[in-house]
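Note that this note's numbering has the sequence shown beginning at -11, numbered continuously upward.
Structure first, then comments.
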Amino acid sequence: MELALFKRKVNKVDNYEHDDARDSSSDDGYVFGLRENTVNKVQKGQPKINVKINNSNVDILIDTGSSINVIDESTFENIKCKPKLSHADTKVFAYGSDKNLKLMGKFHATIETDHKITTAPVYVMKGRYGNLLCYDTSVDLSIQINMKYYAIKYSDVFNGIGKLKDEKVKIHIDGSVKPVIQPHRRIPFHIRKQVEAELEKLEKQDIIEKVDGPTPWVSPIVVAPKPKNKNEIRLCVDMREPNKAILRSRHITPTLDDMILDLNGSKVFLKMDLRSGYHQLELNEESRNITTFTTHVGLRRYKRLSFGVSSAAELFPKHTDEDGISADPRKIIAIRNTTIPNDVGEIRSFLAMTNYVGRFIPNYSTITERLRRLTKQDSKWAWTSEQQESFDKLENELVADCVMSYFDPNKETMLTVDASPVEVAGLLTDTGKIIAYASRLLTDVETCYSQTEKEA
């Protein structure tokens, strides 16, 4: 169950009562995940840690997506030095649901691990939902989550070698170069079992395949033990002869100097690495024969791009970024399945979700203007036909699969701008391809400008 937290300003009182009515003046939203009735049912691989809360041992899940610390009613009852609860100034509910999850209250706790101690507010939730340790407290306690947890939790992402969908790579070959069948190089007996195991692994991963018929190209392999593990080998194909026939497909890879301008002002950096990146690009049928290699158990050829191919460095970035930028289909589906908001908090959550794909929607600010009216502090809640029309139109705009083109400074671009009574908007294109939409609502003062001034 996905929960959204909305904070509100109230006077603190020392009691356990909690108002079920949702506050339409909620300011900030927080999202995290909890499951009902999950006490002592932690799934395999979830980051669970034992901490002391007010000197009582508590098993708690580390949830870096949560903005508050949460313990359930049963955990609170087991705390030895039970603190006095104050009224919680946070509401917890499932987005799109009428069920308001009750908080018994909150208390300021001392939380400690074997190595570090900190203080933080802890919210007590009525029922049996389990316990969560938020991101800020995890950082204060210097808790590090092992990558094994993410590999288990997102096994569909980290399982095996991925493959680029709906596209195959073509290696351009110079037909005037005569194919070469090179002699087989003997593999030492003491590593043949390891070579066979490596070949079997590559076949199971759909990276190589057996060759039964005649082939114009045959290359030998080079086998070397891995430096960090002498029991494992690195299998390479000597592609020097085939590379003489492979035509290079030039693709400029951005240098550090090219990216400095984009990185200006950035404070957080993330380094990502595609596992066996070349192997994630499938070769078309015509490009496979030139990768054929000989082993002591027969001929094999690559079904995927391999690092021995001279043009691999150009083919890889070309095929991983040439289609441009598009919205994540899963996020679009989530937005289209959203129920009609019932209060200001849900409006804000909905707008936060749609803002992610706002760059793909023309006149996004105009479409959402009627919805944003309801989020103003002095606005009374009233869901009318105007809001319903904007809500439906926003969902309908997401039906179109809009793909943005990358900006190319060498192409002629056109900037189209316009102004409405409530919004200014722009569209950047090159040769008919959309690079970016941009829009924003006018302030109350700007709406008083004349149309000429708005479009100036």
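Beta carbons are placed, not taken as given, at the ideal position from N, Cα and C, and that holds for glycine.
The residue among TYR290, SER264, ILE320, HIS160 with its C-alpha nearest the C-alpha of ILE196 is TYR290.
Of the residues VAL46, CYS224, GLN268, the one whose Cα lies closest to the Cα of ILE175 is CYS224. Using a 10 angstroms sphere on the CB of MET260, the tally of other CB atoms stays under 16, which defines it as exposed. Each residue's CA atom was taken as its position, placing ASN45 and VAL110 some 15 Å apart. Contact annotation, SER298 with THR354: C-beta distance approximately 52 Å; criterion of less than 8 Å not satisfied.
Counting C-beta atoms within 10 angstroms of its own C-beta, CYS122 has 16 or more neighbours from the protein chains shown and is therefore classed as buried.
Under the three-state reduction of DSSP, PHE304 is assigned to helix. For LYS198, the uninterrupted beta strand (DSSP E) run begins and ends at 196 to 198, by DSSP. Between the segment 261 to 273 and the segment 324 to 342 there are fewer than three inter-stretch CB-CB distances shorter than 8 Å, so the stretches are not counted as touching. Relative to the Cα of VAL58, the nearest Cα in the group LYS153, GLY115, SER207 belongs to GLY115. Closest option to ALA185, judged by alpha-carbon separation, among GLU220, GLY163, ILE159: GLU220. DSSP links GLY93 through a beta bridge to VAL112.
By the Cβ neighbour-count rule, ALA97 is buried, with 16 or more other Cβ atoms within 10 Å of its own.
In this structure, the CA atom of ILE37 is about 6 Å from the CA atom of LEU49.
A direct Cα-Cα distance of roughly 41 Å separates LEU129 from PHE304. Short of 6 Å from the beta carbon of ILE67, and not among the five residues preceding or following it, lie these beta carbons of its own chain, in chain order: ASN42, SER44. For a cut-off of 8 Å, the C-beta gap from THR203 to LEU287 is around 7 Å, short enough to register as a contact. The segment 101 to 108 makes no contact with the segment 70 to 79; the number of CB pairs closer than 8 Å stays below 3.
When C-alpha distances from GLU229 are compared across LEU235, SER207, VAL405, the shortest belongs to SER207.
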